[in-house]
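This report concerns only the one structure given below.
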Amino acid sequence: MSKTIAEKVLARAAGKKDVEAGEIVNASVDLAMSHDNAALVSKIFKEIDVSKVWDPSKIVIIIDHRAPANTIKAAEAHKNIRIFLKEQDIKNFYDIGEGICHQVLPEKGFVRPGMLIVGTDSHTTTYGAFGAFSTGIGATEMAVVWATGKLWLRIPETLKMIINGKLPDRVMAKDVILHIIGKIGSDGANYKAIEFYGETVEN
29 MSKTIAEKVL
39 ARAAGKKDVE
49 AGEIVNASVD
59 LAMSHDNAAL
69 VSKIFKEIDV
79 SKVWDPSKIV
89 IIIDHRAPAN
99 TIKAAEAHKN
109 IRIFLKEQDI
119 KNFYDIGEGI
129 CHQVLPEKGF
139 VRPGMLIVGT
149 DSHTTTYGAF
159 GAFSTGIGAT
169 EMAVVWATGK
179 LWLRIPETLK
189 MIINGKLPDR
199 VMAKDVILHI
209 IGKIGSDGAN
219 YKAIEFYGET
229 VEN
């Protein structure tokens, strides 16, 4: 039986030959991204009493949400991020004005097909467009990833969307996805992966 992209990526990340939807696996993360909330992640990381991150080359931090800092609290958070980066020898850092996290990662070559990518942002799923399995996680989960390089995940069920036909003039991909959301509901793909097929997608 053929496997979905999510099943293939997560099986590899878990070091298993096969996985099935609903199964829980302990997966090795290929890349971990945080933005301004890395300040909170680093605080939790220190609280779990781990001295060094598992692999500084697999962590990317981008300051892009409160940029420039609009409050003293945000400025202090940015300062704490920079201190943590030096302490942990994390080189993959993009400062204020260097881009938005979900554009920086693909543009700088961090995202590749078949990778397992986690990020402390709900839009981390964006990297699925590049053939990666990517998902948003919370600050506590990310602190554990920074410490161990691993995270447990439930293998998601995959929805297959077949889109055929030629899009009318001025109808864009966003219009298509908004139409799909209108059909399945805003919660219609919670904890699910979606694979897109059909002549509209291929062309």
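29 is the number of the first residue of the sequence shown in my numbering; add one for each residue after it.
We treat Cβ as the ideally placed atom computed from N, Cα and C, and that holds for glycine.
Contacting residues, own chain, Cβ-Cβ under 7 angstroms from residue i (five flanking each side not counted)
i	result
HIS273	The structure shown does not extend to residue 273, since the chain spans only 29 to 231, so no value can be given for it.
ALA171	VAL69, ILE72, PHE73 and ILE76
GLU169	LEU179
ASP83	GLY177
LEU113	ILE89 and PHE121
ASN98	none
Contact set for residue i: own chain, Cβ-Cβ below 8 angstroms, skip 5 residues either direction
i	result
GLY43	SER56
LEU38	VAL47, VAL53, ALA55, LEU144, PHE161, LEU181 and ILE183
PRO141	PHE158, GLY159 and ALA160
VAL204	ILE191, LEU195 and THR228
GLY164	VAL146, GLY147, THR148, ASP149, SER150, HIS151, THR152 and THR153
C-alpha distance - residue i paired with residue j, whole-angstrom precision
i	j	result
ILE145	LYS136	15 angstroms
GLU185	GLY216	12 angstroms
ILE109	ASN192	46 angstroms
MET143	GLU223	16 angstroms
LEU206	SER214	9 angstroms
PHE121	ILE128	12 angstroms
PRO96	ASP64	11 angstroms
GLU126	LYS119	14 angstroms
SER85	SER79	16 angstroms
LYS202	SER30	29 angstroms
Beta carbon of residue i nearer than 8 angstroms to that of residue j
i	j	result
ASP117	ILE91	no
SER62	ILE33	no
GLY53	LEU181	With the sequence shown as reference, residue 53 is identified as Val, and Gly is not the correct amino acid for it. Yes, Cβ-Cβ distance for VAL53 and LEU181 is below 8 angstroms.
TYR219	LYS188	no
ALA67	ALA105	yes
ILE87	ALA60	yes
Same chain, Cβ closer than 6 angstroms to residue i, five either side skipped, listed in chain order
i	result
VAL229	ILE191
ALA102	ARG94
VAL139	LEU133, TYR155, PHE158 and ALA160
TRP174	PHE73 and VAL81
ALA41	ALA55, SER56 and LEU144
- Task: Write down every uninterrupted run of the alpha helix (DSSP H) in the region 49-133 whose length is 4 residues or greater and which is fully enclosed by it, in chain order.
- Result: 66-75 and 100-116
- Start-end ranges of the alpha helix (DSSP H) lying completely within the region 142-215, minimum 4 residues: 167-176 and 201-212
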